[in-house]
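In the working numbering, the protein residues as written are 62 to 488.
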């Protein structure tokens with residue numbers, strides 16, 4: 062029988078929430094502790110798992126906690142490093158759960174806990190991270206006990222801005238940035254993502270801070286993409302480790318977890334109506350439901366305009382307040398124009414008004430989706446029109462900024478977006 066303690070950071074301190082118990086991933090169930098349930102200040106770790114006494118089903122437990130783990134090739138690499146079956150999410154979670162996305166921490170009490178520290182990375186190690194891709198990041202993830210979701214090669218690192226130095230968090234030490242490698246099959250994807258985020262920012266869409274890390278040159282194989290974690294907040298008078306400030310954790314969950322949908326089903330199938338369900342979550346749980354619904358609408362429109370057909374429900378999240386008492390839509394992240402690549406599908410991960418093909422989505426599709434989502438159609442279409450009219454200038458401004466930073470070819474990406482993204486329907 063395996064027991065994993067589940068803790069959550071609240072106002073900078075960890076609280077025992079519950080435990081996952083089972084002989085394997087096939088029968089593991091999560092249960093809140095009695096003391097946590099009795100505390101009037103306690104809040105549920107997920108919308109899909111409200112505060113209640115009985116144990117949650119095997120499926121509900123898996124959907125939320127497996128959602129904390131890497132996917133795809135990175136997960137396979139991590140499983141190999143841990144000498145575990147990649148399908149055994151419980152064993153992988155036991156090995157990686159000391160530092161997850163959000164404020165959750167998973168403790169395997171039968172294992173020795175790694176002492177927390179920050180290990181400085183040399184320029185050669187950073188360069189290797191850029192060039193080796195998911196294999197190198199999987200090794201770092203495993204050695205440091207960090208768990209980051211997603212299918213691309215990524216690792217959580219600590220960045221000292223004053224010294225311009227990168228550190229690998231060990232044990233329970235929190236990271237400050239998520240660093241992703243350039244993809245060997247997808248040309249200039251780092252510049253692509255930064256361009257899309259800059260364009261979104263220029264259009265008034267909230268995004269996390271991000272920048273491109275140069276290791277030797279601006280060539281695709283020598284750069285990394287760093288995103289400042291919005292679920293980590295620095296505090297000037299907080300704890301220190303190795304002489305560096307430790308950020309406190311903010312809880313978050315993606316919409317796959319909030320809706321209780323397995324990560325394997327993050328792409329909507331016919332009749333899934335994921336968007337309307339997400340709008341429903343915001344209406345029922347957001348501390349500012351109208352504002353957050355409009356923000357979500359703008360993100361959906363923007364994904365269409367840039368041609369991001371990988372806009373699945375794990376790429377949209379909810380961010381909790383420091384005391385877990387408020388929930389807001391998280392900033393937009395993982396936004397890339399997939400349509401600039403020949404290998405991309407033309408089908409959006411989320412349907413718009415019942416249409417999936419980016420070539421078939423029209424203003425009528427958006428009007429239908431606004432009605433289904435419970436938005437005022439007139440207001441929703443006005444926002445669509447505003448984003449469309451301002452898109453070209455926002456895109457070109459972002460491309461110009463990157464070109465001035467030495468990333469040649471960014472204007473070519475902008476031209477590809479204009480010819481491949483949903484914006485071409487309006488040209």
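Idealized CB from N, CA, C, for every residue including glycine.
For clarity, every value in this text was computed on a predicted model and none was experimentally measured.
Excluding sequence positions up to five before and after residue 342, its CB lies within less than 8 Å of the CB of 108, 316, 319, 320 and 379, all in the same chain and listed in chain order. Residue 140 counts as buried, since at least 16 other C-beta atoms from the protein chains shown sit within 10 angstroms of its C-beta. Contact annotation, residue 329 with residue 411: C-beta distance approximately 5 Å; criterion of less than 8 Å satisfied. Just so you know, the alpha carbons of residue 232 and residue 156 end up roughly 10 Å apart. Just so you know, the alpha carbons of residue 123 and residue 312 end up roughly 18 Å apart. Within 10 angstroms of the beta-carbon of residue 74 lie fewer than 16 other beta-carbons, which makes it exposed. In the DSSP annotation of this structure, the continuous segment of the beta strand (DSSP E) that includes residue 284 starts and ends at 284-289. The C-beta of residue 445 has 16 or more other C-beta atoms within 10 Å across all chains shown, which makes the residue buried. DSSP places residue 369 outside both helix and strand once states are collapsed to three, so it counts as coil. Out of 375, 374 and 391, the CA that lies nearest to the CA of residue 349 is found in 391. Listed in chain order, the alpha helix (DSSP H) elements of length 4 or more contained wholly in the stretch 70-115 are 95-99. Under the 10 Å beta carbon count, residue 238 is surrounded by 16 or more other beta carbons and is classified as buried. Here residue 379 carries a strand assignment [DSSP, helix/strand/coil].
With a minimum length of 3 residues, the unbroken runs of beta strand (DSSP E) contained wholly in the stretch 407-441 fall at 408-413 and 416-418.
By the Cβ criterion, the stretch 395-415 is not in contact with the stretch 112-130, since fewer than three pairs of Cβ atoms, one from each stretch, lie closer than 8 Å. Taking C-beta atoms as the reference points, residue 292 and residue 71 fail to come closer than 8 Å.
In the three-state DSSP reduction, residue 474 falls in the helix class (H, G or I). Cβ-Cβ separation between residue 253 and residue 474: approximately 6 Å, consistent with a contact (criterion under 8 Å). Inclusion of residue 428 and residue 409 in the CB contact set at 8 Å is not warranted, their separation being larger than that value.
By DSSP's assignment, residue 274 forms a beta bridge with 285. For residue 251, there is no enclosing beta strand (DSSP E); the enclosing alpha helix (DSSP H) covers residues 250-263.
Only residues of its own chain outside the window of five on either side were considered, and among them 453, 456, 485 and 488 have a CB closer than 8 Å to the CB of residue 479, listed in chain order.
Listed as beta-bridge partners of residue 364 by DSSP are no residues whatsoever. Straight-line measurement puts the Cα of residue 166 at about 15 Å from the Cα of residue 92. For residue 457, the three-state secondary structure derived from DSSP is helix.
Taking C-beta separations shorter than 7 Å and ignoring five residues to either side along the sequence, the partners of residue 235 in its chain run 160, 293, 307, 308 and 310, following chain order.
Secondary structure at residue 220: strand, using DSSP grouped into helix, strand and coil. Distance between residue 417 and residue 431, taken at the CA atoms: about 15 Å. Cβ neighbours of residue 145 within its own chain (closer than 8 Å, five residues either side excluded): 152, 153 and 156.
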